[in-house]
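Some notes on the structure that comes next.
Number of protein chains: 2
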Amino acid sequence: MTNDTFKLDKCPMTRTMAILGSKWKPVIIYTLSKRHLRFGQLAAQMPLISRKVLTDQLKELEEDNILLREAYNELPPRVEYSLTAKGLALLPILQQMCEWNKQFEGHVGACEAR
Amino acid sequence: MTNDTFKLDKCPMTRTMAILGSKWKPVIIYTLSKRHLRFGQLAAQMPLISRKVLTDQLKELEEDNILLREAYNELPPRVEYSLTAKGLALLPILQQMCEWNKQFEGHVGACEAR
DNA sequence: AATAGTGGTAACCTGTACGTAACTAACGAC
DNA sequence: GTCGTTAGTTACGTACAGGTTACCACTATT
Chain A
1 MTNDTFKLDK CPMTRTMAIL GSKWKPVIIY TLSKRHLRFG QLAAQMPLIS RKVLTDQLKE
61 LEEDNILLRE AYNELPPRVE YSLTAKGLAL LPILQQMCEW NKQFEGHVGA CEAR
Chain B
115 MTNDTFKLDK CPMTRTMAIL GSKWKPVIIY TLSKRHLRFG QLAAQMPLIS RKVLTDQLKE
175 LEEDNILLRE AYNELPPRVE YSLTAKGLAL LPILQQMCEW NKQFEGHVGA CEAR
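Protein sequences, first through last, are from chains A and B.
Here our numbering is used: the first residue of the first sequence is 1, the next is one more, and so on.
Here our numbering is used: the first residue of the second sequence is 115, the next is one more, and so on.
Pasting the structure below:
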């Protein structure tokens, strides 16, 4: 679904799904909505995602301009991730997805990032 | 993403994505929002989706209670698909996805079901 | 000189979403 | 007895998302 061809699809829903429609991206975006986070903090908050997959997803989200990656030239290295305006604008959609789910599938869980 | 394990995930966003997050489901739901459609009509409105994949997606959406499948005992057979309340409640989300895309990626296309 | 802490990368594997093409059952029309 | 129409099904192939594990470069600390 994150295929590049879908990003060029005629349908804007499909194009949005091409950006959002992977297993972890909504959770990553939601997690970053609260505050800027370093790579390790992100990984710690989502223990189920592997570091490799997290790196991949962050890279794609950065390419799609959803989040900002700031690498500081320090030692040990520090890399901070935060949402762009484009990424912040996705939050109402994610919020609605939460509400829809709670409304129609019972209150199984909360909007927690794991 | 449409994996059954994701439907039992702790995160309601992930659970919603497990229902919505495939290549064709948003388009199918949007197409059915206008009117009830027979299988052949659906297939005709979305020429790029193969009949087999369309059948698969419809079956999954029916299992998830997003749409209603009504088979009439006629000849030639007639099967009509329509959205349930749960499916209709997804439309605002799809709508927002369209708007987000138009806002941040330019007016490349319209909310057309193909 | 070994260890810890950072933010990754490289090699490899697997399940499944998606696609193609051919086939089916049932009946009426001709 | 064969053709058309509908709503699929069956068999098969493939690309890729997602996962595991091991490894790297850099420095300060001990």
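Glycine included, C-beta positions come from ideal geometry on N, C-alpha and C.
Keep in mind it's a predicted model, so treat the numbers as computed, not measured.
Would you give the residue range spanned by the beta strand (DSSP E) that residue i belongs to?
i, result
"A185 of chain B", "L181 to Y186"
"L83 of chain A", "R78 to L83"
So which residues on chain B does residue i lean against when the C-beta distance must stay under 7 Å?
i, result
"E105 of chain A", "R129"
How should residue i be labelled, buried or exposed, when 16 other C-beta atoms within 10 angstroms of its C-beta is the threshold for buried?
i, result
"P161 of chain B", "exposed"
"R192 of chain B", "exposed"
"G40 of chain A", "exposed"
"D4 of chain A", "exposed"
"S22 of chain A", "buried"
"L204 of chain B", "buried"
"L75 of chain A", "exposed"
"T106 of chain B", "The structure shown does not extend to residue 106 of chain B, since chain B is modelled only from 115 through 228, so no value can be given for it."
"Y186 of chain B", "exposed"
"L20 of chain A", "buried"
"L146 of chain B", "buried"
For the alpha helix (DSSP H) that contains residue i, what are its first and last residues?
i, result
"L71 of chain B", "A question about residue 71 of chain B goes unanswered here, because the residues of chain B that appear run from 115 up to 228."
"R129 of chain B", "P126 to L134"
"G40 of chain A", "F39 to Q45"
"D118 of chain B", "D118 to K121"
"K137 of chain B", "K137 of chain B -> no alpha helix (DSSP H), and no H or E assigned at all."
"M97 of chain A", "L91 to E105"
Mind pulling the chain B residues with CB within less than 9 Å of residue i?
i, result
"I93 of chain A", "I207, Q210, M211 and W214"
"Y30 of chain A", "C125 and M127"
"V79 of chain A", "Within 9 Å Cβ-Cβ: nothing; V79 of chain A doesn't reach chain B, min ~24 Å."
"P76 of chain A", "None at all; the shortest Cβ gap to chain B is about 31 Å."
Show which residues of chain A have a CB atom less than 7 Å away from the CB atom of residue i.
i, result
"L204 of chain B", "W100"
Would residue i and residue j be called neighbours here (beta carbons separated by less than 7 Å)?
i, j, result
"P12 of chain A", "C212 of chain B", "yes"
"F89 of chain B", "K86 of chain A", "Outside the displayed range of chain B (115 to 228) lies residue 89 of chain B, so it cannot be described from this structure."
"T14 of chain A", "N215 of chain B", "no"
"L67 of chain A", "L83 of chain A", "yes"
"R165 of chain B", "A157 of chain B", "yes"
"E176 of chain B", "R183 of chain B", "yes"
"Q159 of chain B", "W138 of chain B", "no"
"K121 of chain B", "A132 of chain B", "yes"
So residue i contacts chain A; which residues on that side make the cut at Cβ distance below 8 Å?
i, result
"K137 of chain B", "M1, F6, T14 and M17"
Going along chain B in order, which residues have a C-beta closer than 8 Å to the C-beta of residue i?
i, result
"K34 of chain A", "Result: empty, since nearest Cβ-Cβ is about 14 Å, beyond 8 Å."
"V53 of chain A", "Per Cβ cutoff of 8 Å: no residues; V53 of chain A is ~13 Å from chain B at best."
"P47 of chain A", "Ordered by position in chain B, no residue passes the 8 Å Cβ test against P47 of chain A, which lies about 12 Å from the chain."
"K86 of chain A", "F218"
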